[in-house]
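Sequence order for the protein chains is A and B.
Under our numbering, the first residue of the first sequence carries the number -4, and numbering increases by one thereafter.
Under our numbering, the first residue of the second sequence carries the number 569, and numbering increases by one thereafter.
Presented below is the structure to which this report refers.
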Amino acid sequence: MRWLIRRVLKKGKGSVSYEEDVHYGDVLTIGRAADQAIFLPDLRVALNHARATLLANGQYKVESLIIAGIRVNGDITYVTTVAPGATVEIGTTRLMLLPAPQDFDGGVEISTLDKTEQQVEKERRSKPTRLGQTRLSKRGPAWILFLLILVFGLALPMLGHFVPGIGEMLKHTPLPSSASWNPGTIDAAHQFFASDCEKCHQKAFLTVRDSACLSCHANTPAHADPVKFNLPQLGNAECRTCHQDHNGARGLVRTDQRLCSDCHVNLKARTQNASTLTDVGDFGTSHPEFKIDLPGWDAAGKFAPQRVTFAPDLKENSGLKFNHLKHLKPDGLETPKGRRTLDCVSCHVPDAGGAKMRPVNFEAMCHDCHTLGFDTLTPDRQVPHGKVTEVIYTLNEYYARVALEGGYADAKSPAIVQERRRPGSPPLSQQQQQEALAWARQQARSVTESLFTGRACTTCHKVTPPRQADDTWQIAPVRVSGVWYGDAKFTHAKHVTVKCEDCHAARKSEQSADLLIPGIGNCRACHGGAYAKDKVPTTCISCHDYHQSGTLKMGKL
Amino acid sequence: MHDSILTYAKSRYLWISLILLGGSTAAYLWHDPGGPPNGGTWLGYTLGTISALLIVWLMFFGIRKRNYLNNTGTLRGWLSAHIFLGTTLIVLVLLHAGFQVGWNIHTFAYVLMLIVIFSGFFGLFAYLRYPAMMTRNRDSASRDAMLDEVAEIDQNALALADGIDPKIHAIVLRSIENTRLGGGVWTQLRAHDGSDLAIASLQKALANRDKKKETPTAEMPTMFAMVDFLAERATDKQGEAMRKLIDLVSRKKALATKVARDIQFQAMMEIWLYFHVPVSFALLAALIAHIVSSFFYW
């Protein structure tokens, strides 16, 4: 085989000359030894470094004969088959395998790398030694992250707001919708429409308008009439002034003291006497004594409670005569059904809401002992605990029947009333009937008087006898239980851990005029102001509502 | 004593930061927002504005440190302020949010901010720790000087090896080919000089090339093993040359390790910036999204 060996000689200033040689043999040996076909006098070349063989298809097989290997087309290798045109680098020499030149089987061009080429080669091969030379970058990732977050964190949810269809679609994809802007848990009461941001946030870059709230809350009571009470705090107040959502499931309602105390100062002067409310601040230190609604009735007999400032020696007029001490005897009471010890709950039962006490019920609570019998001959018969006229009807009708039927075993009554009517005896004559009915009227009248003034009604009620002939008996109206503090929302249900006696001195009360409702001093035994440390911290909202107007609605303001 | 960046100007910025933190905390404790504390109260807006301005200002440090003509304060002062005021943001932002967190863009911004700040902490740690270690490691030589020495040793080792045995010459030649310092991010950070990796890949190639042939290098993964090999094969005549060669190769290995350590220290001092800077831009975007979205749905 004929090999063309062409040496490239550099002569400076870029000019080159070629020196050609012919080698005969199957194998082209390369090395530093003198017997090598290509002799390379370089310490970085082994004596027998490598060899090249010509293959039948015109390609070259290149082999390294030492463990250091050879660099073929830039990569270290031991044996490889390459097409003509490949370069083999050994030390500072570059061999280029040529396509077989004319009249030759194979060819190789040998050139020496000069200093600059060596340097370039070294740099090309050297690995990065600073992070800046690696693929790491600051600018690229910074831009990518910046844009990604702007697009997905801002632009996409915003698009969802302006194009409702896209907004709806986003909610059903893992992509961020406007829900990703939700800064906190929405109040429990609003959670049923929480995914619908536009329900409240109707216009971009505008605060939530009252109109959005009032679409549901039109019937929420207002606080006070801003026309009557000319206060900027009242007139300018928006819903959001107090109510900020996204603050947790119970975060929407303000309960702090400042909500009220900031405004409830010097109200009288500030409202030009429209308000009569006294200044109020901390419950523990600057809350006025309670105003209590004492039972009272107007001239027409309509219940009209009187609001007065609570005082320990205040008397009430419930309309009832009742001695708590007697009824609450610790060793019990003799009753028709045996000995019974009464307790507060025997008569005072909370209503279903747990706030108030149910009215005391005569039939259920008093009747067992306080029977309304009126005739010893028929002890089972009783008058109803009802209207005066009904009592009188009952007595009239009862004695009329007794008189006409006869058999009334009272020696003091006329014979015709005592006489038993037997079957077949003749009917009463008109005169006999009149005599019997005259007795009946008399009897009913006297029993009525005895009931109202002696035995029954007057035990508990204030009874006024008829003054004129067409007058009737008057029973004074009664109010035993009810709401005593109309503007507060006291509830018994929250105070079941406290004994009744702790607040109501009923066990010592002998007169029903004793006011058994406690004042603020009693509350303050346990409740302190908003910042109390050793008592239950209590703010205005604990007992009062802001939205408390009985007449004015938010939607009508 | 050397004035550390932390004690710059008598810790002026530490005190400023502590005052800022103390003031904000006191205001937070004093403030009674009526409901749960949140970013929508006047204090929330105030602390949010301060925090947002701080973030933007802290990011200007990247511009300020490149601007050598700028005379507003020394760069050391800027860095000291950057570190301390940046750290206050961890608390400042929590106070701004009233400690409310959730799965939303707002907390996302906070998490990004924490990543930026804690990567900055690592940077501070690296700047306080590695320069001294680098100086010790280099032992008053520069990296280029060490690399030149390695090249010189290579030449001398080749000359020596050539006088001993062609096989040893080949081994030394291979060691030169395979000792390449530096590499990818991970290689730089782990102080690898690359020879081990190169040898492992060569072993594979060797095994593929010729399984019949006994290859003396197959069981020698490191240069030290090669030294053992050299020692085993040494003849009495070549004793002197061998000892010299072993000395040279050990010296080279030591130098290569030093260079790799040098590269590692430098990489450790730089790597955190590749998180710090891009994530701070991510934070800037999240901050913009946070502010705009807050007022979009006011």
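Idealized CB from N, CA, C, for every residue including glycine.
Contact holds between the stretch 384 to 399 of chain A and the stretch 434 to 446 of chain A, because three or more Cβ pairs, one in each stretch, are under 8 Å apart. Interface criterion met: the Cβ of B:Trp866 is under 8 Å from a Cβ in chain A.
Residue state for A:Ser106 is assigned as strand, using DSSP reduced to three classes. For A:Gln301, the enclosing beta strand (DSSP E) begins and ends at Gln301 to Thr304. 8 Å or more divides the Cβ of A:Ala483 from the Cβ of A:Gly279. Closer than 8 Å to the CB of B:Pro699 there is not a single CB belonging to chain A. Using a CB distance cut-off of 8 Å, B:Asn672 counts as an interface residue toward chain A. Contact annotation for B:Phe667 against chain A: no contact, minimum CB-CB distance about 11 Å [criterion: below 9 Å]. Here B:Ile839 carries a helix assignment [DSSP, helix/strand/coil]. Scanning A:Gln427, A:Arg376 and A:His343 for the CA closest to the CA of A:His487 turns up A:His343.
Close to B:Tyr842, with beta-carbon spacing below 9 Å, are these residues of chain A in chain order: Leu126, Leu131, Ser132, Lys133 and Pro136.
Here B:Ile573 has Leu647 and Ser648 as same chain residues with Cβ atoms under 6 Å from its own Cβ, once five neighbours each way along the sequence are excluded. The DSSP-derived three-state label of A:Arg334 is strand. Proximity of the stretch 28 to 36 of chain A to the stretch 698 to 707 of chain B falls short of the contact definition, fewer than three beta-carbon pairs being nearer than 8 Å.
Contact residues of the stretch 821 to 846 of chain B toward chain A are Ile831, Gln834, Ala835, Glu838, Ile839, Leu841, Tyr842, Val845 and Pro846 (C-beta to C-beta distance below 7 Å). Ranked by Cα distance from A:Pro136, the first of B:Phe686, B:Leu841, B:Val860 and B:Leu611 is B:Leu841. For the pair A:Arg415 and A:Gln377, the Cα-to-Cα distance works out to about 23 Å.
Within chain A, no C-beta atom comes less than 9 Å from the C-beta of B:Asp733; the nearest is roughly 10 Å away.
The Cβ of A:Ser10 sits no closer than 8 Å to any Cβ of chain B. DSSP places B:Gly731 in the uninterrupted alpha helix (DSSP H) bounded by Arg711 to Ile732. At least one CB of chain A lies nearer than 8 Å to the CB of B:Val860. For A:Gly279, not one C-beta of chain B is nearer than 8 Å to its own C-beta.
Taking the Cβ atoms as the reference, A:Thr459 lies roughly 4 Å from A:Gln469, within the contact range of under 8 Å. Rounded to the nearest whole angstrom, the CA to CA distance from B:Ala828 to A:Leu170 is 45 Å. For A:Asp205, the enclosing alpha helix (DSSP H) stretches over residues Asp205 to His212.
Every unbroken stretch of the alpha helix (DSSP H) spanning 4 or more residues and falling wholly within the stretch 466 to 549 of chain A is given here in chain order: 495 to 498, 515 to 519 and 535 to 538.
Beta-bridge partners of A:His319 (DSSP): none assigned. Neighbours of B:Ile856 in chain A, taken as residues at a C-beta separation under 8 Å, are given in chain order as Leu145 and Leu149. Here the alpha carbon of A:Pro221 sits roughly 6 Å from the alpha carbon of A:Leu229.
Here A:Ile287 is bridged, per DSSP, to A:Val303. Residue contact check for B:Gly688 against chain A: no CB pair falls below 8 Å. With a 10 Å radius around the Cβ and a threshold of 16 neighbouring Cβ atoms, A:Arg334 comes out exposed. Nearest CB-CB separation between B:Glu717 and chain A: not below the 8 Å threshold. Residue-level contact check: B:Val679 does not touch chain A, since none of the beta carbons of chain A fall below 8 Å from its beta carbon.
Of all residues in the stretch 736 to 753 of chain B, the ones placed with a Cβ closer than 9 Å to any Cβ belonging to chain A are His737, Ala738, Ile739, Val740, Leu741, Arg742, Ser743, Ile744, Glu745, Asn746, Arg748, Leu749, Gly750, Gly751, Gly752 and Val753, in chain order. Bridge pairing for A:Thr76: A:Lys56 [DSSP].
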